[in-house]
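Working notes, structure below.
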Amino acid sequence: MIKPNRLSNKNFLSTLDVSTDEVIHILELAKNFKNKKLNINLKNKVLGLIFDKSSTRTRVSFQVAMSRLGGTTIDLNPTTSQIGRGEPIKDTARVLSRYCDVIAVRTFKHSDLEEYTKWSTIPVINALTDLEHPCQALADFLTIQEKFLDFKNVVLTFIGDGNNVANSLILFGALLGIEVRIACPKGYEPNSLVVNKALEIYKNKNLLKISNDPTTAALGANVLYTDVWSSMGEENQKAEKDKIFNGFTIDNDLVNKADKDAIILHCLPAYRSKEITDEVFESKKNRIFDQAENRLHTQQALLSCLLH
Ligand code: CP
Ligand code: NVA
């Protein structure tokens, strides 16, 4: 029976913290957790959750994941803990390291997450920053694997904002060697450091295509993926971005350009009639709720590797 292997890095801050073999291993473990073929006991282990931004899926899937593994979680709400008062990260990180076995942090600046890591003696997990959402990408690739069985010949097209979700998809795509096409309005392309890093990893650099043309990006794609146009922290840009992103909605016209067996993914929460029409969201091609469920299984796998 498969057993969790320790990962080469103590933390999971970025897709870049894991190797291709480690991603494949986490996905394999996740499948086993999902099929109830794996029973790992993390009794008495405690996961501290620090969310400086709102969350439904990430928070609940981590809580349920720990509960299924026999451990517990402590949800540290910044407004009712001293985090909201501005206690330095380096102090919070050192204190939590004395109580918890692992922490997951959702925050704005990726450098703040790195600051937690610098001062923590326990593993730190990225539960989303402005730069990356690697736990989401793990669930996304499990969902893709469930549909297509392997990643060979899969074309993943992301249409929308070149944000944290897009950045993690690009990096995982590079690790797994799959074709990733990103279509976003001019000026909203993914982080250039992420793109350069991905190009260093890709054996075939032509597999990463960044454009401003959703129609070409969707042609023959196996996966159409989108996310909100304005991420958490960008609420004041919403009106402007809604105008700029006009034409980047996943609608039936775009779905008809994709492969006939294409699936639709969205990390959620979604704004219908903005990045995706209600018709496409509710269509048979949607694997969005499998994708949300897979957060639980992939995080059980990740926690097992970090703590076992
Ligand atoms: N997809 C995702 O991370 O959802 P939450 O913001 O609800 O955690
Ligand atoms: N890009 C979105 C993802 C939410 C899960 C955000 O950062 O708000």
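First residue of the sequence shown? That's 267 in the working numbering, and the numbers climb one at a time after it.
C-beta: ideal position from N, C-alpha, C; glycine also.
Segment limits, beta strand (DSSP E) that includes residue i
| i | result |
| --- | --- |
| E445 | E445 to A449 |
| N392 | V390 to N392 |
| L315 | V312 to F317 |
| L422 | V421 to I425 |
Inter-residue Cα distance where the pair is residue i and residue j
| i | j | result |
| --- | --- | --- |
| G453 | N305 | 47 Å |
| K413 | P535 | 22 Å |
| H376 | L520 | 33 Å |
| I476 | R351 | 41 Å |
| K597 | S285 | Nothing about residue 597 can be reported from this structure: the residues present for the chain run from 267 to 574 only. |
| E380 | N522 | 42 Å |
| H563 | V330 | 10 Å |
| K276 | R553 | 32 Å |
| R334 | K509 | 44 Å |
| L458 | K309 | A small fix is needed here, since residue 458 is Ser in this sequence, not Leu. Cα-Cα distance, rounded: 42 Å. |
| K311 | S570 | 11 Å |
| N298 | L282 | 24 Å |
| W495 | I349 | 29 Å |
| M332 | N343 | 18 Å |
| T338 | A440 | 34 Å |
| S549 | D556 | 14 Å |
| K384 | I355 | 10 Å |
| E545 | H532 | 14 Å |
| F547 | F514 | 15 Å |
Check whether residue i and residue j have beta carbons under 9 Å apart
| i | j | result |
| --- | --- | --- |
| I268 | E288 | no |
| L435 | F424 | yes |
| F278 | L568 | yes |
| D493 | N429 | yes |
| V491 | D406 | According to the sequence as given, residue 491 is Tyr; it is not Val. Contact: yes. |
Residues bridged to residue i (per DSSP)
| i | result |
| --- | --- |
| N552 | I530 |
| V284 | The partner list for V284 (beta bridge, DSSP) is empty, contrary to what the question assumes. |
| V371 | I316 and N392 |
| K475 | R447 |
| Y491 | F424 and L531 |
| R538 | I542 |
Cβ shell of residue i (< 8 Å), same chain only, five flanking positions each side left out
| i | result |
| --- | --- |
| V420 | I410, F414, I444, E445, N488 and V489 |
| K319 | R372, T373, F374, L394, M498 and G499 |
| K503 | Residue identity differs from the one stated: residue 503 is Gln in this sequence, not Lys. Once the five neighbours on either side are set aside, the close Cβ partners of Q503 are S496. |
6 Å Cβ shell around residue i - same chain, five flanking residues per side excluded
| i | result |
| --- | --- |
| F374 | D396 and G499 |
| T324 | A393 |
| T387 | S363 |
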